[in-house]
Amino acid sequence: MTSLNLIGSSPKFRALLAEVARVAPVDSAVLIQGETGTGKEVIARAIHEASPRRNHRFVALNCAAIPGALLESELFGHERGAFTGACTQVQERFHMADLGTLFLDEIGDMPLELQPKLLRALQEQEFERLGSTQTVRVNVRVVAATNQDLGQLVAKKLFRADLFYRLNVIPLCLPPLRERFQDILPLTAFFVAQFSARLDKVIDSIPDEVIAVLQAHDWPGNIRELQNFIERAVLFSPGSVLRLPLDLRQTVMQKSESVPRTLADADREHILETLEQANWLIGGQQGAASRLGLPRTTLVYKMRKLGIEVRRRRRVRPIPQLADEKCHASANY
566 MTSLNLIGSS
576 PKFRALLAEV
586 ARVAPVDSAV
596 LIQGETGTGK
606 EVIARAIHEA
616 SPRRNHRFVA
626 LNCAAIPGAL
636 LESELFGHER
646 GAFTGACTQV
656 QERFHMADLG
666 TLFLDEIGDM
676 PLELQPKLLR
686 ALQEQEFERL
696 GSTQTVRVNV
706 RVVAATNQDL
716 GQLVAKKLFR
726 ADLFYRLNVI
736 PLCLPPLRER
746 FQDILPLTAF
756 FVAQFSARLD
766 KVIDSIPDEV
776 IAVLQAHDWP
786 GNIRELQNFI
796 ERAVLFSPGS
806 VLRLPLDLRQ
816 TVMQKSESVP
826 RTLADADREH
836 ILETLEQANW
846 LIGGQQGAAS
856 RLGLPRTTLV
866 YKMRKLGIEV
876 RRRRRVRPIP
886 QLADEKCHAS
896 ANY
């Protein structure tokens, strides 16, 4: 996963990676939902690389980038003479992804009239090329992604309900960057190294005040926006220390002033979130200190400094289950 640039250690990102590891070995359809720039294709590739299909092709298709009239041909191919200008047979994306994974990005933009044919291909693993009556059979895992609310599109009759349910077998929700501010430092360091090499510049220091400004921004464009921002920062830094361009720094700080946030606030929120996940257990292998990579005494000191009071752990009592309920529960994992 490191080769796929899956960078981050925030609780929400670690939970996402755990879900990826769980769903990768099976062939069920996956629907990845998240804001623009959150890395939906990167997660789709991670699922493919961790699956038994890793030795076969990962084929990506952006449904919003191709006109509706040509999208059917891209997905299912066409025979020579199927329509004006069809001079040769075209191999379809479904066939190219046979035994591998087909990633359908921006699935919410797929025309309604094409959705029944996609539904049949998903359910039956077969289809016909345009201009042909011969059935083509394939073995493809489909991973779809969207930055839209497909449930609302279904309610507005802009997306077929049966296709939505067929795609939404395993839903994955990608957290926006503003909810994983702990990952901004490692992401920034990664992008600085990447663009330093590409632009032939030496950047060997990232000041704390730069990270503070970056963590205070809400990043509506998410990781893609941060990536572009760091590329410009590397380009305009006069020396070996990363500097934010004046216009960009002012823009970020102006936006940040509307929602004041300090590094102490961020640290306090991170510790509280980890304590909740650890059921307020501080020490031990499953405790918050271990999850944060800190000695127990250091965490206790930080909690006192940030005004975090120790709470009593909640006792979780087992709920009795009938035998058939236990079997049903185990079958869902």
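Under my numbering, read the sequence shown as residues 566 to 898, first letter to last.
Don't be surprised by glycine CBs; every beta carbon is placed ideally from N, CA and C.
Rounded C-alpha distance that separates Val865 from Ile836: 11 angstroms
DSSP three-state assignment for Ala762, whether helix, strand or coil: helix
Pro810, DSSP secondary structure in three states: coil
Selected residue, minimal CA-CA separation from Ile873, among Gln850, Gly858, Glu838, Pro860: Glu838
Local Cβ density within 10 Å of Ala634, reported as buried at 16 or more and exposed below that: exposed
Boundaries of the beta strand (DSSP E) in which Arg706 is found, first to last residue: 706-711
Cys738 - partner residues in DSSP beta bridges: Gln598
For Asp592, three-class secondary structure by DSSP: coil
Cβ-based burial, Asp674 [other Cβ within 10 Å; buried from 16]: buried
Reduced DSSP category for Arg702 - H, G, I as helix; E, B as strand; rest coil: strand
Sheet register partners of Phe668 (DSSP bridge): Ala625, Val708
Residue burial classification, Gly665 (beta-carbon count within 10 angstroms, cutoff 16): buried
Beta-carbon proximity check, Ile795 vs Phe756, cutoff 7 angstroms: yes
Residue from Gln690, Gln759, Glu671, Glu678 with nearest C-alpha to Leu596: Glu671
Sub-7 angstroms separation of Gln747 and Ser575 beta-carbons: yes
DSSP three-state assignment for Ser823, whether helix, strand or coil: Only weak support is given to the placement of Ser823: the predicted model assigns it a pLDDT of 49, under 50, and the value that follows is read from those uncertain coordinates. Coil.
Contact under 7 angstroms by Cβ, Thr700 with Glu691: yes
Assumed close pair Phe641, Leu695 - CB separation to whole angstroms, cut-off 8 angstroms: 7 angstroms
Boundaries of the alpha helix (DSSP H) in which Glu657 is found, first to last residue: From DSSP, Glu657 is part of no alpha helix (DSSP H); its letter is neither H nor E.
Per DSSP, the bridge partner or partners of Phe692: Val701
Bounding residues of the alpha helix (DSSP H) (the contiguous stretch that carries Asn844): Unbroken run through Asn844: none, as it is neither H nor E.
Same chain, Cβ closer than 8 angstroms to Gln842, five either side skipped, listed in chain order: Pro576, Ala853, Arg856
CA nearest to the CA of Arg743, picked from Ser770, Gly786, Phe729, Arg619: Gly786
Given Arg658 as reference, the closest of Pro632, Leu626, Pro676 once Cα atoms are compared: Leu626
Which listed residue (Glu790, Leu752, Val719, Val806) has its alpha carbon closest to that of Ile771: Val806
Same chain, Cβ closer than 8 angstroms to Lys870, neighbours up to 5 away in sequence not counted: none
Neighbourhood of Arg731 by C-beta distance below 8 angstroms, restricted to the same chain and skipping five residues each side: Ala594, Leu684, Leu687, Gln688
Meets three-Cβ-pair contact criterion under 8 angstroms: the stretch 705-715 and the stretch 584-594: yes
Exposure of Arg618, with buried meaning 16 or more beta-carbon neighbours within 10 Å: buried
Cβ shell of Val734 (< 8 angstroms), same chain only, five flanking positions each side left out: Ser593, Ala594, Val595, Leu596
Assigned exposure category for Cys628 - 16 Cβ within 10 Å defines buried: buried
Separation of Lys867 from Ala762, as counted between CA atoms: 37 angstroms
Pair within 7 angstroms by beta-carbon distance, Thr601 and Leu739: no
Ser770 - partner residues in DSSP beta bridges: Val806
Rounded separation between Glu693 and Leu800 - CA only: 50 angstroms
Alpha helix (DSSP H) segment containing Asn787, residue limits: 787-801
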